[in-house]
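First up is the structure itself, then whatever we jot down about it.
Residue numbers (the UniProt record's numbering): 1 to 181.
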C-alpha cells in the first residue's frame, strides 16, 4: 500500500512528512545548486528541524508545507506548500506559498502544477483569501512560477534577515487573492 495523500494533481501527491523524507530532504538542502538563492546550505540537523517546524505548523493550522511525491513512482521530489510568514515585514502573519524541488525534477512543470493545486487547496479547503510569495530578486525561475500561477508582483523589499551587501538581500513580493465566486 502506498502513501496516504492529502490531495493530488495529475502527477503529484501531497502528504505529511515521513521519516524516510529526512535523508533526501537533507541532501537537497545541502546541494549548492538547489540552494543557490538562499543565504546558506542547510545541515542535516537544520533540515530535520525544518521538518519538525513544518509538522508543527500543519498540526496548528491544518495546512502547511507538504512533502511532495511524483505519483508515477512515489518518489519524494521536494516540498510545496503554505506557511505563516514570521519575519519582521509589514506582511508578517500572512500566508505564503513556497516550493523547493530536488534539481532532478526541475523544468518539468511540477512547481507550477503543485503550486496551482496548493492555491486551490488554500482557497477552497481553508477559505484563505490572499496568499503571498517572495523570493530573492535574482531568483528568476521562482519568479516565473509565481507569474505562471497567476500571482501579481506587489513590490520589492529588503529581506530583514539577510545582511546588507548580499545579492540575496533585495527581494520581490507577489500576491494572489481568491476571486469571489
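From the three backbone atoms N, C-alpha and C, an ideal C-beta is built for every residue, glycine too.
Owing to the predicted nature of the structure, the values given are computational and were not obtained by experimental measurement.
Proximity of the region 85–94 to the region 35–52 falls short of the contact definition, fewer than three beta-carbon pairs being nearer than 8 Å.
By the Cβ-count criterion, residue 161 is exposed, with fewer than 16 other Cβ atoms from all chains shown falling within 10 Å of its own Cβ. With contacts defined by Cβ atoms closer than 9 Å, residue 52 and residue 129 do not form a contacting pair. By the CB criterion at 9 Å, residue 103 and residue 31 fall inside the cutoff. Here the C-alpha atom of residue 158 lies approximately 40 Å from the C-alpha atom of residue 4. When rounded, the separation of the alpha-carbon atoms in residue 127 and residue 146 is 20 Å.
Listed in chain order, the non-local C-beta contacts of residue 115 below 7 Å within the same chain comprise 80, 97, 99, 145, 149, local neighbours out to five positions each way being set aside.
Shown here for residue 33: same chain residues with a beta carbon closer than 6 Å to its own, the five before and five after excluded, namely 103 in chain order. Excluding five sequence positions before and after residue 139, the CB atoms of its chain that fall closer than 7 Å to its own CB belong to 37, given in chain order. In this structure, the beta-carbon distance from residue 174 to residue 118 does not fall below 9 Å. Within the model, the alpha-carbon separation for residue 76 versus residue 28 is close to 11 Å. Taking a C-beta distance under 9 Å as the contact criterion, residue 163 and residue 169 qualify as a contact pair. Taking a contact as a CB-CB distance under 8 Å, the pair residue 15 and residue 69 counts as one, their CB atoms being some 7 Å apart.
Rounded to whole angstroms, residue 45 and residue 74 show a C-alpha spacing of 25 Å.
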